[in-house]
(Lines of atoms letter the chains of each structure in order from A and count residues from 1; the text may use other names and numbers.)
(Lines give C-alpha, C1' and ligand atoms only; values in the text may rest on other atoms or scores of the structure.)
Protein backbone atom coordinates (compact mmCIF):
# COMPACT_ATOMS: atom_id res chain seq x y z
CA UNK A 1 0.00 0.00 0.00
CA UNK A 2 1.30 3.44 -0.96
CA UNK A 3 2.01 5.98 1.75
CA UNK A 4 1.66 8.89 -0.67
CA UNK A 5 -1.39 11.14 -0.55
CA UNK A 6 -3.82 11.09 -3.49
CA UNK A 7 -3.42 13.89 -6.03
CA UNK A 8 -6.61 15.87 -5.45
CA UNK A 9 -6.17 18.22 -8.44
CA UNK A 10 -5.76 15.63 -11.20
CA UNK A 11 -8.30 13.03 -12.32
CA UNK A 12 -8.12 9.84 -14.34
CA UNK A 13 -10.84 9.24 -16.93
CA UNK A 14 -10.80 5.74 -18.37
CA UNK A 15 -12.51 3.45 -20.84
CA UNK A 16 -12.60 -0.34 -20.60
CA UNK A 17 -14.17 -2.98 -22.83
CA UNK A 18 -14.79 -5.69 -20.25
CA UNK A 19 -15.22 -8.64 -22.66
CA UNK A 20 -18.75 -9.87 -22.03
CA UNK A 21 -19.46 -8.95 -18.43
CA UNK A 22 -22.54 -11.17 -18.15
CA UNK A 23 -24.16 -12.57 -15.06
CA UNK A 24 -24.96 -16.31 -14.94
CA UNK A 25 -28.76 -15.93 -14.97
CA UNK A 26 -30.80 -16.52 -18.11
CA UNK A 27 -32.51 -13.45 -19.55
CA UNK A 28 -35.07 -14.57 -22.17
CA UNK A 29 -35.13 -11.10 -23.74
CA UNK A 30 -31.51 -11.22 -24.98
CA UNK A 31 -29.09 -13.64 -26.57
CA UNK A 32 -27.17 -14.53 -23.40
CA UNK A 33 -27.21 -18.31 -23.87
CA UNK A 34 -23.42 -18.49 -24.23
CA UNK A 35 -23.16 -17.33 -20.62
CA UNK A 36 -25.11 -20.04 -18.86
CA UNK A 37 -23.82 -23.10 -17.06
CA UNK A 38 -25.21 -25.75 -19.44
CA UNK A 39 -23.57 -24.37 -22.58
CA UNK A 40 -20.21 -24.85 -24.30
CA UNK A 41 -18.62 -22.00 -22.31
CA UNK A 42 -19.83 -23.46 -19.00
CA UNK A 43 -20.32 -20.01 -17.49
CA UNK A 44 -21.32 -20.25 -13.84
CA UNK A 45 -21.48 -18.42 -10.53
CA UNK A 46 -17.84 -19.07 -9.67
CA UNK A 47 -16.56 -17.84 -13.02
CA UNK A 48 -18.84 -14.81 -12.85
CA UNK A 49 -17.58 -13.86 -9.39
CA UNK A 50 -13.97 -14.24 -10.59
CA UNK A 51 -14.76 -11.97 -13.53
CA UNK A 52 -16.29 -9.33 -11.26
CA UNK A 53 -13.30 -9.51 -8.90
CA UNK A 54 -10.76 -9.14 -11.70
CA UNK A 55 -12.64 -6.37 -13.50
CA UNK A 56 -12.82 -4.40 -10.25
CA UNK A 57 -9.12 -4.96 -9.62
CA UNK A 58 -8.21 -3.74 -13.11
CA UNK A 59 -10.32 -0.59 -12.76
CA UNK A 60 -8.89 0.22 -9.33
CA UNK A 61 -5.34 0.25 -10.71
CA UNK A 62 -5.89 2.51 -13.72
CA UNK A 63 -3.83 5.66 -13.18
CA UNK A 64 -3.14 4.72 -9.57
CA UNK A 65 0.65 4.82 -9.88
CA UNK A 66 0.52 8.46 -10.97
CA UNK A 67 -2.26 9.79 -8.74
CA UNK A 68 -2.55 7.34 -5.85
CA UNK A 69 -6.28 6.99 -6.47
CA UNK A 70 -8.54 5.11 -8.91
CA UNK A 71 -10.35 6.78 -11.83
CA UNK A 72 -13.01 9.42 -11.32
CA UNK A 73 -14.89 8.27 -14.43
CA UNK A 74 -14.82 4.92 -16.22
CA UNK A 75 -16.72 4.25 -19.42
CA UNK A 76 -17.50 0.56 -19.90
CA UNK A 77 -18.47 -1.59 -22.87
CA UNK A 78 -19.96 -5.08 -22.95
CA UNK A 79 -21.87 -4.98 -19.68
CA UNK A 80 -25.15 -6.88 -19.49
CA UNK A 81 -27.28 -5.09 -16.91
CA UNK A 82 -27.58 -3.15 -13.64
CA UNK A 83 -26.85 -6.28 -11.62
CA UNK A 84 -23.34 -6.74 -12.99
CA UNK A 85 -22.61 -3.05 -12.44
CA UNK A 86 -23.91 -3.19 -8.87
CA UNK A 87 -21.78 -6.25 -8.17
CA UNK A 88 -18.80 -4.55 -9.78
CA UNK A 89 -18.87 -1.35 -7.71
CA UNK A 90 -19.39 -3.46 -4.57
CA UNK A 91 -16.50 -5.79 -5.38
CA UNK A 92 -13.38 -6.04 -3.21
CA UNK A 93 -11.23 -3.42 -4.95
CA UNK A 94 -13.98 -0.82 -5.51
CA UNK A 95 -16.32 -1.10 -2.52
CA UNK A 96 -14.38 1.40 -0.39
CA UNK A 97 -14.88 4.14 -2.98
CA UNK A 98 -18.08 6.08 -3.53
CA UNK A 99 -18.83 4.71 -6.99
CA UNK A 100 -22.19 4.96 -8.74
CA UNK A 101 -23.12 4.16 -12.33
CA UNK A 102 -25.29 5.23 -15.26
CA UNK A 103 -26.69 2.51 -17.49
CA UNK A 104 -29.57 2.05 -19.92
CA UNK A 105 -30.63 -1.14 -21.68
CA UNK A 106 -29.94 -0.87 -25.39
CA UNK A 107 -31.52 -2.75 -28.32
CA UNK A 108 -28.32 -4.71 -28.97
CA UNK A 109 -29.34 -8.29 -29.74
CA UNK A 110 -26.57 -9.76 -27.60
CA UNK A 111 -27.65 -7.64 -24.66
CA UNK A 112 -24.31 -5.88 -24.24
CA UNK A 113 -24.47 -2.22 -23.31
CA UNK A 114 -22.24 0.71 -22.46
CA UNK A 115 -22.21 2.34 -19.03
CA UNK A 116 -20.44 5.03 -17.04
CA UNK A 117 -19.13 4.41 -13.54
CA UNK A 118 -18.32 7.57 -11.59
CA UNK A 119 -16.84 8.52 -8.24
CA UNK A 120 -19.53 10.52 -6.49
CA UNK A 121 -16.87 12.35 -4.47
CA UNK A 122 -15.37 13.79 -7.67
CA UNK A 123 -18.25 13.84 -10.16
CA UNK A 124 -21.71 15.33 -9.63
CA UNK A 125 -24.23 13.82 -12.05
CA UNK A 126 -26.55 16.35 -13.65
CA UNK A 127 -28.27 14.49 -16.51
CA UNK A 128 -28.01 11.34 -18.60
CA UNK A 129 -29.67 9.98 -21.71
CA UNK A 130 -29.42 6.96 -23.98
CA UNK A 131 -29.14 8.10 -27.59
CA UNK A 132 -30.28 5.71 -30.31
CA UNK A 133 -27.76 4.76 -32.98
CA UNK A 134 -29.68 3.87 -36.12
CA UNK A 135 -27.55 1.94 -38.62
CA UNK A 136 -28.45 -0.36 -41.49
CA UNK A 137 -26.94 -3.50 -42.97
CA UNK A 138 -25.67 -3.67 -46.53
CA UNK A 139 -29.19 -4.61 -47.69
CA UNK A 140 -30.95 -1.82 -45.83
CA UNK A 141 -32.13 -3.77 -42.78
CA UNK A 142 -31.77 -2.10 -39.39
CA UNK A 143 -28.85 -3.36 -37.30
CA UNK A 144 -29.81 -3.30 -33.63
CA UNK A 145 -26.62 -2.11 -31.98
CA UNK A 146 -25.50 -0.35 -28.83
CA UNK A 147 -26.90 3.10 -28.01
CA UNK A 148 -24.61 6.03 -27.24
CA UNK A 149 -24.65 7.04 -23.58
CA UNK A 150 -24.67 10.78 -22.96
CA UNK A 151 -23.81 11.95 -19.44
CA UNK A 152 -23.47 15.52 -18.19
CA UNK A 153 -22.24 16.71 -14.82
CA UNK A 154 -19.52 18.45 -12.86
CA UNK A 155 -16.06 17.01 -12.47
CA UNK A 156 -15.27 18.81 -9.26
CA UNK A 157 -16.15 22.39 -10.24
CA UNK A 158 -16.39 22.21 -14.01
CA UNK A 159 -19.20 21.00 -16.22
CA UNK A 160 -18.31 18.32 -18.73
CA UNK A 161 -20.21 16.08 -21.11
CA UNK A 162 -19.26 12.45 -21.77
CA UNK A 163 -20.35 10.36 -24.75
CA UNK A 164 -19.72 6.62 -24.26
CA UNK A 165 -19.69 4.52 -27.43
CA UNK A 166 -19.39 0.96 -28.67
CA UNK A 167 -19.60 1.20 -32.44
CA UNK A 168 -20.68 -1.62 -34.78
CA UNK A 169 -18.20 -4.46 -35.05
CA UNK A 170 -16.01 -5.39 -37.97
CA UNK A 171 -16.41 -8.57 -39.97
CA UNK A 172 -13.31 -10.71 -39.80
CA UNK A 173 -10.91 -10.29 -42.71
CA UNK A 174 -12.98 -7.47 -44.21
CA UNK A 175 -14.34 -4.01 -43.59
CA UNK A 176 -17.85 -4.51 -44.99
CA UNK A 177 -19.26 -2.75 -41.93
CA UNK A 178 -17.28 0.48 -42.33
CA UNK A 179 -20.39 2.39 -43.43
CA UNK A 180 -22.01 1.59 -40.07
CA UNK A 181 -19.19 3.25 -38.17
CA UNK A 182 -19.43 6.26 -40.43
CA UNK A 183 -23.12 6.48 -39.46
CA UNK A 184 -22.03 6.26 -35.82
CA UNK A 185 -19.47 9.04 -36.33
CA UNK A 186 -22.17 11.23 -37.88
CA UNK A 187 -24.47 10.55 -34.91
CA UNK A 188 -21.76 11.62 -32.46
CA UNK A 189 -21.16 14.77 -34.52
CA UNK A 190 -24.89 15.56 -34.26
CA UNK A 191 -24.83 15.04 -30.48
CA UNK A 192 -21.81 17.32 -30.10
CA UNK A 193 -23.55 19.97 -32.21
CA UNK A 194 -26.58 19.72 -29.93
CA UNK A 195 -24.42 20.24 -26.85
CA UNK A 196 -22.56 23.16 -28.43
CA UNK A 197 -25.86 24.67 -29.51
CA UNK A 198 -26.58 25.26 -25.83
CA UNK A 199 -23.00 26.05 -24.78
CA UNK A 200 -20.51 26.86 -27.53
CA UNK A 201 -17.60 26.41 -25.11
CA UNK A 202 -18.79 23.06 -23.73
CA UNK A 203 -16.08 20.61 -22.72
CA UNK A 204 -16.84 17.23 -24.21
CA UNK A 205 -15.16 13.83 -23.91
CA UNK A 206 -15.91 11.13 -26.50
CA UNK A 207 -14.80 7.65 -25.44
CA UNK A 208 -15.43 4.12 -26.53
CA UNK A 209 -14.58 1.00 -28.44
CA UNK A 210 -14.92 2.40 -31.93
CA UNK A 211 -13.92 -0.79 -33.77
CA UNK A 212 -11.65 1.46 -35.81
CA UNK A 213 -8.09 2.64 -35.28
CA UNK A 214 -7.24 6.34 -34.84
CA UNK A 215 -6.26 6.76 -38.51
CA UNK A 216 -9.34 5.02 -39.92
CA UNK A 217 -11.88 7.06 -41.84
CA UNK A 218 -14.63 7.17 -39.21
CA UNK A 219 -12.37 8.47 -36.43
CA UNK A 220 -10.65 10.98 -38.71
CA UNK A 221 -14.05 12.21 -39.89
CA UNK A 222 -15.28 12.67 -36.31
CA UNK A 223 -12.07 14.34 -35.21
CA UNK A 224 -11.86 16.76 -38.14
CA UNK A 225 -15.55 17.70 -38.24
CA UNK A 226 -15.55 18.68 -34.56
CA UNK A 227 -11.87 19.69 -34.27
CA UNK A 228 -11.38 17.15 -31.50
CA UNK A 229 -8.01 16.21 -30.06
CA UNK A 230 -7.20 12.50 -30.11
CA UNK A 231 -4.26 11.80 -27.78
CA UNK A 232 -4.48 8.10 -28.66
CA UNK A 233 -3.06 8.65 -32.16
CA UNK A 234 0.53 8.40 -30.95
CA UNK A 235 0.00 5.33 -28.75
CA UNK A 236 -0.60 2.67 -31.41
CA UNK A 237 2.54 0.93 -32.65
CA UNK A 238 3.77 -2.44 -33.88
CA UNK A 239 4.45 -3.42 -30.28
CA UNK A 240 1.56 -1.81 -28.42
CA UNK A 241 -2.19 -1.32 -28.55
CA UNK A 242 -5.37 -1.95 -26.57
CA UNK A 243 -6.14 -5.30 -28.22
CA UNK A 244 -4.45 -7.79 -30.49
CA UNK A 245 -5.92 -9.55 -33.51
CA UNK A 246 -3.94 -12.17 -35.41
CA UNK A 247 -0.74 -10.98 -33.68
CA UNK A 248 -1.31 -7.40 -34.83
CA UNK A 249 -1.90 -4.60 -32.31
CA UNK A 250 -5.00 -2.45 -32.72
CA UNK A 251 -6.28 0.57 -30.80
CA UNK A 252 -10.05 0.53 -31.16
CA UNK A 253 -10.39 1.87 -27.60
CA UNK A 254 -9.91 5.65 -27.59
CA UNK A 255 -10.73 8.85 -25.73
CA UNK A 256 -11.08 12.11 -27.66
CA UNK A 257 -11.73 15.56 -26.22
CA UNK A 258 -12.61 19.06 -27.31
CA UNK A 259 -9.64 21.32 -27.98
CA UNK A 260 -10.58 23.73 -25.18
CA UNK A 261 -9.02 21.25 -22.77
CA UNK A 262 -5.61 21.56 -24.41
CA UNK A 263 -5.55 25.16 -25.64
CA UNK A 264 -2.91 27.36 -23.95
CA UNK A 265 -4.33 29.76 -21.39
CA UNK A 266 -7.75 28.16 -21.16
CA UNK A 267 -9.57 27.97 -17.86
CA UNK A 268 -10.60 24.82 -16.05
CA UNK A 269 -9.69 21.22 -16.74
CA UNK A 270 -6.47 20.75 -18.67
CA UNK A 271 -5.25 17.63 -20.47
CA UNK A 272 -2.12 16.13 -18.91
CA UNK A 273 -1.50 12.72 -20.47
CA UNK A 274 -2.99 9.68 -22.20
CA UNK A 275 -1.96 6.06 -22.01
CA UNK A 276 -2.90 2.42 -22.43
CA UNK A 277 -3.16 0.61 -19.11
CA UNK A 278 -1.29 -2.57 -19.98
CA UNK A 279 0.39 -3.48 -16.71
CA UNK A 280 1.89 -6.96 -16.60
CA UNK A 281 -0.89 -8.45 -14.46
CA UNK A 282 -3.36 -7.80 -17.31
CA UNK A 283 -1.24 -9.67 -19.86
CA UNK A 284 -0.80 -13.28 -20.87
CA UNK A 285 2.40 -14.23 -19.07
CA UNK A 286 3.66 -17.03 -21.33
CA UNK A 287 3.01 -19.03 -24.48
CA UNK A 288 2.37 -17.80 -27.99
CA UNK A 289 0.09 -15.01 -26.73
CA UNK A 290 2.62 -13.66 -24.24
CA UNK A 291 2.17 -9.90 -23.70
CA UNK A 292 -1.31 -9.83 -25.18
CA UNK A 293 -4.40 -9.14 -23.03
CA UNK A 294 -5.11 -12.00 -20.63
CA UNK A 295 -8.57 -12.95 -21.85
CA UNK A 296 -11.53 -14.49 -20.07
CA UNK A 297 -12.17 -16.77 -23.04
CA UNK A 298 -10.42 -17.72 -26.25
CA UNK A 299 -13.30 -18.94 -28.35
CA UNK A 300 -15.23 -21.20 -26.00
CA UNK A 301 -12.18 -22.15 -23.94
CA UNK A 302 -12.10 -20.57 -20.50
CA UNK A 303 -8.81 -18.87 -19.61
CA UNK A 304 -9.89 -17.00 -16.49
CA UNK A 305 -8.28 -13.70 -17.39
CA UNK A 306 -9.45 -10.10 -17.33
CA UNK A 307 -10.51 -9.05 -20.82
CA UNK A 308 -9.46 -9.22 -24.46
CA UNK A 309 -8.93 -5.44 -24.28
CA UNK A 310 -6.66 -3.26 -22.16
CA UNK A 311 -8.21 -0.15 -20.62
CA UNK A 312 -7.17 3.26 -21.95
CA UNK A 313 -7.17 6.50 -20.00
CA UNK A 314 -6.48 10.20 -19.94
CA UNK A 315 -5.71 12.50 -17.02
CA UNK A 316 -7.06 16.01 -16.55
CA UNK A 317 -5.71 18.59 -14.14
CA UNK A 318 -7.74 21.35 -12.52
CA UNK A 319 -6.51 24.91 -12.94
CA UNK A 320 -6.95 27.65 -10.35
CA UNK A 321 -9.32 29.57 -12.60
CA UNK A 322 -12.03 26.88 -12.69
CA UNK A 323 -15.34 28.23 -11.39
CA UNK A 324 -18.60 26.29 -11.27
CA UNK A 325 -21.02 27.55 -13.84
CA UNK A 326 -18.39 29.61 -15.69
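Residue numbers (the working numbering): 103 to 428. Just so you know, even glycine gets a beta-carbon here, dropped at the ideal spot from N, CA and C.
Between the C-alpha atoms of residue i and residue j, what's the straight-line distance to the nearest angstrom?
i: residue 390; j: residue 349; result: 9 Å
i: residue 171; j: residue 238; result: 42 Å
i: residue 305; j: residue 333; result: 16 Å
i: residue 123; j: residue 192; result: 15 Å
i: residue 357; j: residue 233; result: 19 Å
i: residue 266; j: residue 219; result: 11 Å
i: residue 377; j: residue 415; result: 6 Å
i: residue 406; j: residue 120; result: 13 Å
i: residue 209; j: residue 244; result: 11 Å
i: residue 160; j: residue 400; result: 19 Å
i: residue 222; j: residue 328; result: 29 Å
i: residue 205; j: residue 336; result: 31 Å
i: residue 353; j: residue 168; result: 22 Å
i: residue 279; j: residue 270; result: 7 Å
i: residue 418; j: residue 144; result: 42 Å
i: residue 139; j: residue 403; result: 14 Å
i: residue 184; j: residue 125; result: 10 Å
i: residue 113; j: residue 173; result: 7 Å
i: residue 302; j: residue 385; result: 42 Å
i: residue 412; j: residue 109; result: 24 Å
i: residue 429; j: residue 141; result: Residue coverage of the chain in this structure runs from 103 to 428, which leaves residue 429 outside it and unanswerable.
i: residue 346; j: residue 246; result: 26 Å
i: residue 200; j: residue 107; result: 18 Å
i: residue 117; j: residue 264; result: 11 Å
i: residue 394; j: residue 339; result: 14 Å
i: residue 318; j: residue 297; result: 25 Å
Kindly give me the distance between the Cβ atoms of residue i and residue j, rounded to whole angstroms, as I take these residues to be in contact under 8 Å.
i: residue 216; j: residue 251; result: 5 Å
i: residue 355; j: residue 311; result: 5 Å
i: residue 420; j: residue 189; result: No, residue 420 and residue 189 are not in contact; Cβ-Cβ is about 32 Å, not under 8 Å.
i: residue 307; j: residue 364; result: Actually they do not touch by this definition, with Cβ atoms about 12 Å apart.
i: residue 115; j: residue 175; result: 5 Å
i: residue 272; j: residue 313; result: 5 Å
Based on the DSSP secondary-structure assignment, which residues constitute the bridge partners of residue i?
i: residue 417; result: 114 and 375
i: residue 360; result: 330
i: residue 249; result: According to DSSP, residue 249 bridges with nothing at all.
i: residue 178; result: 118 and 217
i: residue 392; result: Residue 392 pairs with nothing; no bridge assigned.
i: residue 255; result: 227 and 262
i: residue 201; result: 221
i: residue 350; result: 347
i: residue 306; result: 263
i: residue 279; result: Answer is none; residue 279 lacks a bridge partner.
Go ahead and pull the three-state DSSP assignment for residue i.
i: residue 165; result: coil
i: residue 296; result: helix
i: residue 121; result: strand
i: residue 401; result: coil
i: residue 147; result: helix
i: residue 192; result: coil
i: residue 336; result: helix
i: residue 319; result: helix
i: residue 184; result: helix
i: residue 412; result: coil
i: residue 160; result: helix
i: residue 426; result: At residue 426 the pLDDT is 45, less than 50, meaning the model places this residue with poor confidence and gives no usable figure here.
i: residue 229; result: strand
i: residue 355; result: strand
i: residue 126; result: coil
i: residue 153; result: helix
i: residue 342; result: strand
Is there a Cβ from chain D that is less than 9 Å from the Cβ of residue i?
i: residue 369; result: Absence of chain D from the displayed structure is noted, only one protein chain being present.
Original post:
Taking one C-beta from the stretch 254-262 and one from the stretch 278-292 each time, how about it: are there three or more such pairs within less than 8 Å?
Top reply: no
Subject >> Inter-stretch contact (C-beta, 8 Å, three-pair minimum) for the stretch 315-326 and the stretch 223-232 >> reply: no
Original post:
Should the stretch 201-217 be called in touch with the stretch 177-185, which here means at least 3 C-beta pairs below 8 Å?
Top reply: yes
**OP:** Inspect the CB distances between the stretch 190-204 and the stretch 149-161 and report whether three or more fall short of 8 Å.
**Re:** yes
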